[in-house]
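S.K.:
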Amino acid sequence: MTKALVKIRYTIQAISFIFLANFALYGLFRCPFAVPFVGCGNCPVLQCPGRKYYLPLWIAFFMSSIVLFRSFCGWICPVGTFSTVLNKIASKLNLIKITISKKSGTILQYLSYLFLAAAVLLVFVYSNPRWAIPIRTGELFNSIKLTFAHANNPWIIRTLVIAALIGIGLFSKKIWCRFICPAGLISKLIGTLSIFKIKKDAQCQGTCNQCDKYCDMDAMHDNGNCISCATCFAKCPQNKVTFSKIKF
Amino acid sequence: MQSKLLHFFQKNHSSNHSCFNDTSQPLPRLHLPVALKCNIKCKYCERVISNSNEICPGHTKEVITPDAAFQKAKDFIDKYGEDVIIGIAGPGDPCENKETFTTFQKIRDTFKQVKLCLCTNGLKLIEYIPLLKNLSINHLSITLNTLNPETAKRIYARINIDENEQSKGNPFDYFIQQQIAGIEEAVKQNIVVKVNTVYIPGINNNEIIDLSKYLSKIPVSVHNIIPLVPKGEFKHIKRPDNDELNTLRKKCNQYINTFSKCKQCRADCIDIPEKKVSVDRRFWLKASGFALASGLLSHATPNTGASFNGKSLAVWSCGGLAEAFIPANKEYEEMTGCKINYTGAFAAALGKSLLGNAETEVFAPRVLELAKKLKKAEKMVSYSPLCFTQYLIVVPVDNPANIKGIHDLKREGVRVLLSVNASPPGGKAVLGILKKAGIIKMVLKNTVFKGDCVQTDIPLLIKGKADVAIVEKRVTMLPQFKDKLKTISIPEKIIPAMPIPFTIGMMKYAQNREMANHYIEFICSEKGQQHFHNAGFITAMSNEGKRLISKYGVA
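Chains S and L, in that order, give the protein sequences.
Here the working numbering is used: position 24 in the first sequence is 24, and no number is missing along the way.
Remember, the working numbering sits 1000 above the position in the second sequence when you count from 1.
#1: Based on Cα-Cα distance, which residue from Leu1211/L, Ile1433/L, Tyr1080/L lies nearest to valine 1420/L?
#2: Can you name the start and end residues of the alpha helix (DSSP H) that isoleucine 136/S belongs to?
#3: Using a Cβ-Cβ cut-off of 6 Å (strictly less than) and excluding sequence neighbours within five positions of isoleucine 195/S, which residues of its own chain qualify?
#4: Please tell me whether alanine 149/S has its Cβ less than 8 Å away from any Cβ of chain L.
#5: Between the C-alpha atoms of glutamate 1207/L and arginine 1249/L, what's the straight-line distance to the nearest angstrom?
#6: Relative to the C-alpha of histidine 1407/L, which candidate in Cys1524/L, Ser1382/L, Lys1436/L has its C-alpha closest?
#7: Just confirm the distance between the C-beta atoms of tyrosine 1391/L and isoleucine 1470/L, as a whole number of angstroms; I'd bet it's less than 8 Å.
#8: Answer with yes or no whether the minimum CB distance from asparagine 42/S to chain L is below 8 Å.
#9: Distance check for tyrosine 1552/L and alanine 1497/L, CA to CA, integer angstroms please.
#10: Short check: CB of proline 56/S to CB of serine 16/S, under 8 Å?
#11: Identify each residue in the region 136-148 of chain S for which the Cβ-Cβ distance to at least one residue of chain L is less than 8 Å, and report them in chain order.
#12: Output, in chain order, the set of chain S residues within a Cβ distance shorter than 8 Å of isoleucine 1326/L.
#13: According to DSSP, simplified to helix, strand and coil, what is threonine 74/S?
#14: Under 8 Å: do the region 1380-1387 of chain L and the region 1505-1513 of chain L share three or more Cβ pairs, one atom per stretch?
#15: Report the option in Ile96/S, His150/S, Lys7/S, Gly27/S whose CA atom is closest to the CA atom of serine 1353/L.
#16: Quick one: residues in its chain with C-beta nearer than 6 Å to the C-beta of valine 1430/L, no 5 flanking neighbours on either side, listed in chain order?
#17: Does the region 1079-1091 of chain L come close enough to the region 1041-1057 of chain L to have 3 or more Cβ pairs within less than 8 Å?
#18: CA-CA distance, isoleucine 1495/L and lysine 1373/L?
#19: I need the straight-line Cα distance from arginine 9/S to cysteine 229/S, nearest angstrom please.
#20: Does the Cβ of leucine 1296/L have 16 or more other Cβ atoms within 10 Å, making it buried, or fewer, making it exposed?
#21: Does glycine 1081/L pass the burial test, meaning 16 or more other C-beta atoms within 10 Å, or should it be called exposed?
#22: For isoleucine 133/S and chain L, any beta-carbon pair shorter than 8 Å?
#23: Ignoring anything shorter than 4 residues, give me the alpha helix (DSSP H) runs that lie fully in the region 17-80 of chain S, in order along the chain.
#24: Does the region 117-133 of chain S come into contact with the region 152-170 of chain S, if we say contact requires no fewer than three beta-carbon pairs (one atom in each stretch) closer than 8 Å?
#25: Of the choices Leu121/S, Leu95/S, Ala117/S, whose alpha-carbon is the least far from that of lysine 174/S?
#26: Let's see if you can read the secondary structure: which residues bound the beta strand (DSSP E) around threonine 1197/L?
#27: Can you check whether the C-beta of arginine 9/S is within less than 8 Å of a C-beta belonging to chain L?
#28: Can you give me, in chain order, the residues of the region 1450-1472 of chain L that have a beta carbon less than 9 Å from any beta carbon in chain S?
#29: Between the region 1447-1465 of chain L and the region 1512-1525 of chain L, do three or more beta carbon pairs fall short of 8 Å?
#30: Below 8 Å, how does it come out for the region 1531-1550 of chain L and the region 1397-1415 of chain L: are there three or more Cβ pairs, yes or no?
#31: Following the continuous alpha helix (DSSP H) through alanine 1073/L, name the residue where it begins and the one where it ends.
#32: The alpha helix (DSSP H) spanning alanine 1181/L covers which residue range?
#33: Pull the bridge partners of lysine 1507/L from the DSSP assignment, please.
#34: Go ahead and pull the three-state DSSP assignment for lysine 1339/L.
#35: Would you call the region 1204-1219 of chain L in contact with the region 1146-1165 of chain L, where contact means no fewer than 3 C-beta pairs closer than 8 Å?
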């Protein structure tokens, strides 16, 4: 049962990735606005799939966050999938060198608040300024090149910083997802209302620590990082991890 | 021998037939699609009688009767004079159809000067030589692909010959003998003969040089080696590329004049060279340096040029034209098989890149100065007018502030939306209009929203959060805004000139200039321009467009 669940998740992730990876690439490298993925409906970038996707996607984001804690991150988000794959490759190549202690993790988490605040400020106060010239249509890589060539400095900085933070995933587990992602933070905040959440059985003595060992998100410390990926389900030798209904 | 041949060739080519020699002053040319039936089946041939515009021999929109054909020829001659070429080239084999000769006879009876031209596979040619001589046929094209019956067997699926001949032996032998006999007889009768050979990789490619040698001895005037258009049973064979073809033509040229400008025309083609263009059109055509073809001028799609299967062309344009270029490119891709790699973005940015290291093959900028600058930098070979934009006042459909004209924007209490920080055509140009109207200070005071992107700002107006804005007409045609805005015109005298004209030009990086030219011709033809009209632009070919061409001096 638990193994099947992981397989189902992989399938959903793969399908989402096929549909959304392009949107993520556009959002990061071709979106001319300060904050991507919002207000895509009237965007001048004709080719971006966001015009069609952004509304259903935001609805799915809120719904999934309410049903199962941060499940968007673990099941749908293409950046999450990319980071997972990046982690797998990095572990195979023995590249994961940076480990972040529980204490510094708690502090680093505040970065996501900073990023979210910046995004909220840019969208609601500065009505999401246009920082780059929209390449309305064009072949992807050529257009990315052109976007970089004619973008304002803030755009170049935001793009390189985000790309770097996602890229660090090659040396440390999911830095972006754990400490930075403002959408992840929103999901986490909505998550206080979520119906289901993954919980470790309180009676578990916790000696084997398999759940902790395999958790990409370092989430077994009840820090709100769980992305309901159910890896711990599959790894727990005693089936002590379950979905639990949060009491209202 | 060679010089004698050349003399012969020149003597007979005072007629300037663009299918026979690379003439600087080609004559207008018309194909009459009267010959439906065919007596052989070439494996590369697909006769197509439909509305498609694909440029390929054997294709036609319709098959017409000799009477209709005569009328068509008469109209053509009325328009362009008697110094024109009227040909019959299919869609079947003209010698298999009595209609061919009826049509020619009708034309010859009325018009003595017109040049007549016939294309045939040669199977029945010899029987008609006396008749052709009688009609004073000027040009004859025979498609001869091989001299080897074994190869012929691989090229032709069937040869229709009467039983009498069939009993005598191999039909492929007979076919080739008939072709040669026809060619020899025609040459003897002083008809200018061109032999077309379809270059079919893996089938007849190794025989063509020998064929050239053979033809030079007859002597045939021109050997026209044309690339296979992969269709029918040969659709899986790759179309030979230009380099391959040119190398071969060069080799054959040692023996015989080869011809390399063949456009592989349809059976109903109309080819009007630039020379015959009426004065006002010539005005900018000449300056633009393009032989903007028949299509534009006869108000039809250009039917000249070849199909460009498997080729690709890099096209950049001002982003504002994207809504027009996307469907136009799609149509061109379907028509020619050429893949268009299209980029549309703010023209000044693209222009800056192009003035730097970036490369593209065709570029359609906004702002005439940019085209001029690129040409001066020798990056752009030449350009021609494409279309013009229009600025309009837009208000929500219910027009809450009761705006009637530009001066209402300064009225107290009117809430104006300006995308001041958008790229210049959306920002600076609009401010320029207000400045010219002398109302900018008051309007800026009325401005309740200053945005940086026209497309993301306009929804505020639609929602009623502002009363009025100034945008290009193209914005009002975008699907998300269509019918959601009311428009009011702005007097032309207060519109700044700079952002209005768009041009299209070939860049020096165009790898295949013939194809780039053909693409530009298509974009400037009625079919191509329709998409620009649909997207809210004034097309260069419209009367209004012609007025603006001379007003803004686009040339």
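Glycine included, every Cβ here is placed at the ideal spot set by N, Cα and C.
M.R.: Quick answer:
#1: Ile1433/L
#2: Strictly speaking, residue 136/S in this sequence is arginine, with isoleucine absent from that position. First-last for arginine 136/S: 135-137, but that is the beta strand (DSSP E), not the alpha helix (DSSP H).
#3: Val67
#4: yes
#5: 13 Å
#6: Lys1436/L
#7: 6 Å
#8: yes
#9: 7 Å
#10: no
#11: Arg136, Thr137, Gly138, Glu139, Asn142, Ser143, Leu146
#12: Leu46, Thr137
#13: Per the sequence presented here, residue 74/S reads as glycine, with threonine not at that position. The answer is helix: DSSP assigns glycine 74/S an H, G or I state.
#14: yes
#15: His150/S
#16: Ile1470
#17: yes
#18: 23 Å
#19: 7 Å
#20: Confidence at leucine 1296/L is low in this model, with a pLDDT of 40, below 50, so its placement is unreliable and the value that follows should be read with caution. The residue is buried, with at least 16 neighbouring Cβ atoms inside 10 Å.
#21: exposed
#22: yes
#23: 50-67
#24: yes
#25: Leu95/S
#26: 1192-1199
#27: no
#28: Gly1451, Asp1452, Cys1453, Val1454, Gln1455, Thr1456, Asp1457, Ile1458, Pro1459
#29: no
#30: no
#31: 1066-1080
#32: 1171-1188
#33: One point to set straight first is that residue 1507/L is methionine, not lysine, in the sequence displayed. Methionine 1507/L pairs with Met1380/L.
#34: strand
#35: yes
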